[in-house]
């Protein structure tokens, strides 16, 4: 479970109030978490505070990530605390990503593991580096073939000999 706005603030190294385009930052975070979830094979829930909006709770999926906006009057911290207690009986392990010390303590007290926002961002970067390495490995050019370095006449003679043997 990810405290969305807490991680966004850490991504930008500033207070959330100073983030210029919060919608863009939310999309960027969710996209990064979707890549991470797909690579790691983990279920990820990212929670955003919406307790001042007057809206009911809403949730939807972006790939393997469940995105939750809390209901009016409920903070992301309260949602995460409630869900930790519910999910700990379903999943072998629940991890909460936040740099909010109080929320970390509540999550830990509920039986969840905790990771800082910076720790989560490091995991995402490590995943991206691993994917880049795999991609680069797969896109390496094939080793040169002998036929590519022969004169045309020699290659033609060898090819005709090969066809005679078939």
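Residue numbers (my numbering): -12 to 153.
Cβ coordinates follow ideal geometry from the N, Cα and C atoms, glycine included.
Provide the residue span of the beta strand (DSSP E) that contains residue 101, from first to last. 100 to 102
For my contact list, residue 84 and residue 104 are in at a C-beta cut-off of 8 Å; report their separation, rounded to the angstrom. 6 Å
For residue 82, name the three-state secondary structure that DSSP assigns. strand
Suppose contacts are defined by Cβ-Cβ distances below 9 Å. Is residue 59 in contact with residue 41 by that definition? Yes, these two residues count as a Cβ contact at 9 Å.
Given that a residue counts as buried once 16 or more other Cβ atoms are within 10 Å of its Cβ, and exposed if not, what is residue -1? exposed
Can you tell me whether residue 10 is helix, strand or coil according to DSSP? Collapsing the DSSP output to three states places residue 10 in a helix.
Return helix, strand or coil for residue 66, following the three-state DSSP convention. helix
May I ask which residues mark the beginning and end of the alpha helix (DSSP H) holding residue -8? -9 to -1
Identify, in the order they occur along the chain, each residue of the same chain with its Cβ nearer than 6 Å to the Cβ of residue 49, setting aside the five sequence neighbours on each side. So the list reads 17 and 21, once near-sequence residues are dropped.
Taking residue 45 as part of the alpha helix (DSSP H), name the residues at either end of that continuous run. No alpha helix (DSSP H) contains residue 45, which is instead part of the beta strand (DSSP E) from 45 to 49.
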